[in-house]
Every structure is written in C-alpha cells, then in structure tokens.
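Each remark here refers to the structure printed beneath this line.
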Amino acid sequence: MNSLLDAGVAIYVAMAVALSVWVSLFIYLWRIDSQARELKRQLERERAKGTDEQSPAPPRATVTRVSAAEPERETVEK
Amino acid sequence: MAERLGQVGKLLVGIWLAGVVVAMFLVVPQYEGLGDAGRIIIMHVPTAWVSVLAFAVSAIYSALYLWKRRPEHDDYAVAAAESGFLFTALATITGMIFSQVVWGVYWNWDPRQTSIFVLLLIYAALFALRSAIEDVDRRRQLSSVYSLFAFVTVPFLIFVAPRMAESTLHPNCAFIQGSQCDGITLEVGKIGLLGDRKVQLLGLEQQGDVVTAEVLVSEPGLRDEATLRPSFNLASGEMVARPEFPGLRYQLGLEWADPATGSALQHIEAPGTGLLENQRTLFTFLASIVGFTGLFIWMLNLRASLLGVQWALAQREGARP
Numbered sequence: 000m001n002s003l004l005d006a007g008v009a010i011y012v013a014m015a016v017a018l019s020v021w022v023s024l025f026i027y028l029w030r031i032d033s034q035a036r037e038l039k040r041q042l043e044r045e046r047a048k049g050t051d052e053q054s055p056a057p058p059r060a061t062v063t064r065v066s067a068a069e070p071e072r073e074t075v076e077k
Numbered sequence: 000m001a002e003r004l005g006q007v008g009k010l011l012v013g014i015w016l017a018g019v020v021v022a023m024f025l026v027v028p029q030y031e032g033l034g035d036a037g038r039i040i041i042m043h044v045p046t047a048w049v050s051v052l053a054f055a056v057s058a059i060y061s062a063l064y065l066w067k068r069r070p071e072h073d074d075y076a077v078a079a080a081e082s083g084f085l086f087t088a089l090a091t092i093t094g095m096i097f098s099q100v101v102w103g104v105y106w107n108w109d110p111r112q113t114s115i116f117v118l119l120l121i122y123a124a125l126f127a128l129r130s131a132i133e134d135v136d137r138r139r140q141l142s143s144v145y146s147l148f149a150f151v152t153v154p155f156l157i158f159v160a161p162r163m164a165e166s167t168l169h170p171n172c173a174f175i176q177g178s179q180c181d182g183i184t185l186e187v188g189k190i191g192l193l194g195d196r197k198v199q200l201l202g203l204e205q206q207g208d209v210v211t212a213e214v215l216v217s218e219p220g221l222r223d224e225a226t227l228r229p230s231f232n233l234a235s236g237e238m239v240a241r242p243e244f245p246g247l248r249y250q251l252g253l254e255w256a257d258p259a260t261g262s263a264l265q266h267i268e269a270p271g272t273g274l275l276e277n278q279r280t281l282f283t284f285l286a287s288i289v290g291f292t293g294l295f296i297w298m299l300n301l302r303a304s305l306l307g308v309q310w311a312l313a314q315r316e317g318a319r320p
C-alpha cells in the first residue's frame, strides 16, 4: 500500500484514479443519453400512432333506391 | 446525420477530457512552491468559468421562456442552472483541496470562498422555489424571473467581489488583471496588510548590495506573530531571500528597498501567481476549458431532453382515464 504513495508512483496512481472517475462518468452519461434518445423515439412513435388512430374515418353512406314497379335494391357506397 | 454528428461530438468530449486528465499529470510541470498541488488549476478554474457560462445560458433561456412561453425553453433554463450548480460545486471542492494544501485548512471564509458559497445558496434557492410550486405555468414563470435576477449577482460574486477585497489569499493575480497584485510599500515602523496578514517593517539592514528587511508578520486575528527576513539585491534588482509565512506556502518577497529613505516594497508571493506563464500549462488549461465547455453542452442537451421526456410522459399519464 505504501509503495503506491511513493513520490515516483503516486502521480500515476492519482492519474489512474482521476481517469477512472472520468471514464465511469462518461459511460454513465453515454448510457443515460442513449436511453433518453430511445425513450424519445418511442414516445414519438406512440404519438404518431395515436394521431393515426384518432384521425376521422372516411365518410360512408348507404343509399337504397326502391322502385314501385319492380322492387330493386341498389346499394351505392361512397 | 445530425444525430450521428452528435454522437461523434460526445465521443470526442470523452477522449478530449481523458487527454486533459493525462496532460494534467504528465505534461503540466510542477510549480515552484506548490509542487503537484498546482496541477489542480487545470480542473479548478475551467469548472468555475464554465459555471458562469452555464448561469448565463440559464438566464438567456429564462428570458426566452418569458417572451415566447415555450416549455422547452424552461427545460433548457433549468438544465443550464443545474449544470452551473454542479460545476460551481466542483470548483468549490477543487478549491478546498487547493486551500488545504496551501493555507492548511479546507475553508477559512476567504472572500472568494464566501462569494462562491453565496452563489451556491442563490441557485439552491432556485431549485427549492421550483419544487415548492405545484402549478406548472406559475412554477416556470416564477423560476424564470428568479433565474434572471440570480444571474445579475453572478458577475458581482465571481469577478467584482474578489477584486474589491483587499484581504484575500486567493491567487487572483494568476488570472484576474487589476487584482491587489502590487504589494505594499512601507517605511520603517509602519504597518500594512498583505493578504489577510498584518505586516510591520521593523528595520532595514544593508550588507554590500544586499538589503535585508526585518518584518513582523501577524496571523489573522493576531493569533501568532513571526519575524521574517526577506532580502533584495540592489545591484541586480532581484529578490534574494523569500521566507515563507508561518504554516503557509506563501512567501514574503522584497521587491524594492531604499535604505536611505527607510522604505521597502513588500510582496506576497502567492503560489499560483504566474502559473500560466508556462506554455505547457497554458495549453492544457485552454484544452480543459474547451473540454468542459463541450461537456456542459452535452449535459445541457441531455438534461433538457430528459425533462422534455418526463413532461411528455406526465402528460400521457394525465391524458389516460
């Protein structure tokens, strides 16, 4: 343990500690960043899907024409 | 394409700051009087500067929110204030470590320490204010107004207060031109202040070209006294002996002396003064500012994006029956 605090070695130990703190922080940020992006994408997809479902259906109508002479049923769908 | 560029930028920030950490230990030379402790400047000052940038960005987005009332502007204002608070805390902690090495204590209510503590309290109050108001619109409006007022104090607390203070041991002269860096000229028997130490010139003694001053130095609160003997070479115009203040790494220098009139210019040689005159230190320092600015931009976008997602989720949950 004391050898790590020797004058010639201590500076490398300090550098290794500082580097590992930064690398851990970087990995943490990177992971949160990618998760946030994924979540955002998912929300946008859901929003787009929700908009599709809520859009009004094309109008449909059924017209029945009844002739007195010859009963005939004609259905026109619009 | 923009997303890919963003990813590359983030990776670059990671590599760049890792390089700064390595350079801080292997490229930056030891500083006379400070040894390895001087390296902390590569982290301490850039984090303080980036915190000022963050608070400025927070104020700009707050103003934008008050103008356009767009929620994402409020998200950015909060994210910037949070980042600023974090960077200020980092600057304070690294400063405390430096203070322990140089002054022998982590905290001694030096003007610089006091002003940064007040700044931390001001921005902590912003977060307390936000968490105390439930109505979203009212919270956004009030915190935007508060953030603008809070930013007004930043230049004063960071730049003005430490310059006004005559009694500071913070090595301002390394970075802030116009600080109390000129030392003090005293006649024999007169008393003055150097940092927060009282000094009294007791006498001058000349041997050949070398003039030695006898200076009585008193600790803050006049707890202890010590007699120091700095000297000055009249022929070469250079300082000769620079004794250290008791219990400190600060030295007392004699920059000029006139035995005929019995007056001498004394100067506190603060470790850190002239630190950036070394090219390797200067370039690592500038690289650190660039790296921390990049980190701030990343953190700002990330936090604002998280706040946006949080808001969208809350709205979705609220929309459900």
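Residue numbers (numbering that gives the first Met the number 0), protein chains in the order written: chain A, 0 to 77; chain B, 0 to 320. Heads up, the beta-carbon is just placed ideally off N, CA and C, and yes, glycines get one too.
According to the neighbour-count rule (16 or more other Cβ atoms, all chains shown, within 10 Å of its Cβ), is MET42 of chain B buried or exposed? Taking the first residue of the second sequence as position 1, residue 42 of chain B is located at position 43. Buried, by the Cβ-count rule.
Under 7 Å, Cβ to Cβ, is there at least one residue of chain A near GLY13 of chain B? Position 14 of the second sequence, counted from the start, is the residue given in the question as residue 13 of chain B. Yes, because at least one Cβ of chain A sits closer than 7 Å to the Cβ of GLY13 of chain B.
May I ask you to report which of helix, strand or coil DSSP gives TRP106 of chain B? Translated into the one-based positions of the second sequence, residue 106 of chain B becomes position 107. In the structure shown, TRP106 of chain B sits in coil (DSSP, three-state: anything other than H, G, I, E or B).
List the residues of chain B whose Cβ lies closer than 7 Å to the Cβ of ASP5 of chain A, in chain order. Taking the first residue of the first sequence as position 1, residue 5 of chain A is located at position 6. Neighbours of ASP5 of chain A on chain B: none; closest Cβ ~13 Å, over 7 Å.
8 Å Cβ shell around THR93 of chain B - same chain, five flanking residues per side excluded: Within the second sequence, residue 93 of chain B is the residue found at index 94, counting from 1. The residues are ILE39, MET42, HIS43, THR46.
Would you call the CB atoms of LEU305 of chain B and ALA35 of chain A closer than 7 Å? Along the second sequence, read from residue 1 onward, the residue named residue 305 of chain B stands at position 306. Along the first sequence, read from residue 1 onward, the residue named residue 35 of chain A stands at position 36. Yes.
Does DSSP put GLU2 of chain B in a helix, in a strand, or in coil? For the purposes of this step, residue 2 of chain B is taken as residue 3 along the second sequence, with counting starting at 1. In this structure, GLU2 of chain B counts as helix in the three-state DSSP scheme.
Measure the alpha-carbon distance for THR292 of chain B versus GLY8 of chain B and round it to whole angstroms. The count along the second sequence starts at 1 and reaches residue 292 of chain B at position 293. The count along the second sequence starts at 1 and reaches residue 8 of chain B at position 9. Their Cα atoms are separated by approximately 12 Å.
Could you tell me whether the stretch 226–238 of chain B touches the stretch 209–218 of chain B, using the rule of 3 or more Cβ pairs below 8 Å? yes
For a cutoff of 7 Å on Cβ pairs, would you count SER82 of chain B as touching chain A? Within the second sequence, residue 82 of chain B is the residue found at index 83, counting from 1. Not one chain A Cβ lies under 7 Å of SER82 of chain B.
In three-state DSSP terms, what is GLU81 of chain B? What you label residue 81 of chain B is simply residue 82 of the second sequence in a count that begins at 1. GLU81 of chain B falls in the helix class under three-state DSSP.
Could you list the residues in the stretch 14–26 of chain B with a C-beta less than 8 Å from some C-beta on chain A, going in chain order? LEU16, ALA17, VAL20, VAL21, MET23, PHE24, LEU25
Determine, using beta-carbon pairs with one atom in the stretch 45–65 of chain B and one in the stretch 21–41 of chain A, whether at least three such pairs fall under 8 Å. Taking a contact to require three or more Cβ pairs closer than 8 Å, the stretch 45–65 of chain B and the stretch 21–41 of chain A do not qualify as touching.
If contact is defined by three or more beta carbon pairs under 8 Å, each pair taking one atom from either stretch, is the stretch 298–318 of chain B in contact with the stretch 76–90 of chain B? yes
For the stretch 281–311 of chain B, list the alpha helix (DSSP H) runs that are entirely contained and at least 4 residues long, ordered along the chain. none
Name, please, each residue of chain B whose Cβ falls closer than 7 Å to the Cβ of LYS39 of chain A. As a first step, residue 39 of chain A must be located in the first sequence, where it is residue number 40. Against chain B, a Cβ distance below 7 Å from LYS39 of chain A picks out SER304, VAL308.
Closer than 7 Å to chain A by CB, LEU203 of chain B: Walking along the second sequence from the start, residue 203 of chain B turns up at place 204. Chain A contact via Cβ: absent.
Strictly below 7 Å CB to CB, what residues from chain B border ALA13 of chain A? If you number the first sequence from 1, residue 13 of chain A lands on position 14. Result: PHE24.
How should PRO28 of chain B be labelled, buried or exposed, when 16 other C-beta atoms within 10 angstroms of its C-beta is the threshold for buried? The count along the second sequence starts at 1 and reaches residue 28 of chain B at position 29. By the neighbour-count criterion, in which 16 or more other beta carbons inside 10 Å mark a residue as buried, PRO28 of chain B falls on the exposed side.
Looking at the secondary structure, which residues open and close the alpha helix (DSSP H) in which VAL56 of chain B lies? Within the second sequence, the letter at position 57 stands for residue 56 of chain B. Note, VAL56 of chain B: alpha helix (DSSP H), 40–67.
Proximal chain B residues relative to ALA47 of chain A, where beta-carbon distance stays under 8 Å: Taking the first sequence and counting its residues from 1, one reaches residue 47 of chain A at position 48. Per Cβ cutoff of 8 Å: no residues; ALA47 of chain A is ~13 Å from chain B at best.
Nearest residue (CA-CA) to SER146 of chain B, options B:GLY207, B:ALA311, B:SER61: Along the second sequence, read from residue 1 onward, the residue named residue 146 of chain B stands at position 147. SER146 of chain B has its Cα closest to that of B:SER61, out of B:GLY207, B:ALA311, B:SER61.
Helix, strand or coil for LEU185 of chain B, going by three-state DSSP, please let me know. Against the second sequence, residue 185 of chain B aligns to sequence position 186. Residue state, collapsed to three classes: strand.
For GLU186 of chain B, collect the residues of the same chain with a Cβ closer than 6 Å to its Cβ; drop the 5 residues on either side in sequence, then sort them by chain order. As a working mapping, residue 186 of chain B is identified with position 187 in the second sequence. Excluding positions up to five away in sequence, the list reads GLY261, SER262.
Over what stretch of residues does the beta strand (DSSP E) that includes PHE231 of chain B continue unbroken? As a first step, residue 231 of chain B must be located in the second sequence, where it is residue number 232. Under the DSSP assignment, PHE231 of chain B falls in the beta strand (DSSP E) whose first and last residues are 230–232.
Look at the alpha carbon of ALA1 of chain B and the alpha carbon of GLN140 of chain B, and state the distance between them as a whole number of angstroms. Position 2 of the second sequence, counted from the first residue, corresponds to residue 1 of chain B. Position 141 of the second sequence, counted from the first residue, corresponds to residue 140 of chain B. Approximately 32 Å, taken between the alpha carbons.
Could you spell out the range, first to last residue, of the alpha helix (DSSP H) harbouring ASP257 of chain B? Position 258 of the second sequence holds residue 257 of chain B. Premise fails: ASP257 of chain B lies in the beta strand (DSSP E), 250–257, not in any alpha helix (DSSP H).
Beta-carbon separation (whole angstroms), GLU71 of chain B vs GLY307 of chain B, contact threshold 8 Å: As a position in the second sequence, residue 71 of chain B is number 72, starting the count at 1. As a position in the second sequence, residue 307 of chain B is number 308, starting the count at 1. With 8 Å as the limit, GLU71 of chain B and GLY307 of chain B qualify as a contact, their Cβ atoms being about 6 Å apart.
Would you please verify whether the beta carbon of GLN314 of chain B is less than 7 Å from any beta carbon of chain A? As a first step, residue 314 of chain B is located in the second sequence; it is residue number 315 there, counting from the start. Residue-level contact check: GLN314 of chain B does not touch chain A, since none of the beta carbons of chain A fall below 7 Å from its beta carbon.
Backbone secondary structure at GLY202 of chain B - three-state DSSP: In the second sequence, residue 202 of chain B corresponds to position 203, counting from 1. Correct three-state label for GLY202 of chain B: strand.
Using a C-beta to C-beta distance shorter than 8 Å, which residues of chain B count as neighbours of ALA60 of chain A? As a working mapping, residue 60 of chain A is identified with position 61 in the first sequence. What ALA60 of chain A touches in chain B: nothing, since even the nearest Cβ is about 32 Å away.
Quick one, are the C-beta atoms of VAL26 of chain B and ARG315 of chain B less than 7 Å apart? Within the second sequence, numbered from 1, the residue matching residue 26 of chain B stands at position 27. Within the second sequence, numbered from 1, the residue matching residue 315 of chain B stands at position 316. Taking 7 Å as the Cβ cut-off, VAL26 of chain B and ARG315 of chain B do not qualify as a contacting pair.
Residue nearest to PRO110 of chain B in terms of C-alpha spacing, selected from B:ARG241, B:ALA22, B:PRO161: Walking along the second sequence from the start, residue 110 of chain B turns up at place 111. The candidate whose alpha carbon is nearest that of PRO110 of chain B is B:PRO161.
Taking the alpha helix (DSSP H) that LEU215 of chain B belongs to, which residues open and close that run? The residue given as residue 215 of chain B occupies position 216 in the second sequence. Unbroken run through LEU215 of chain B is the beta strand (DSSP E), 209–217; no alpha helix (DSSP H).
Please check if any C-beta of chain A sits within less than 7 Å of the C-beta of VAL7 of chain B. Stepping through the second sequence from its first residue, residue 7 of chain B is reached at position 8. False, the Cβ-Cβ gap to chain A never drops below 7 Å.
Does LEU24 of chain A come within less than 7 Å of chain B when only Cβ atoms are used? Start at 1 with the first residue of the first sequence, and residue 24 of chain A comes out as number 25. No, its Cβ sits nowhere closer than 7 Å to a Cβ of chain B.
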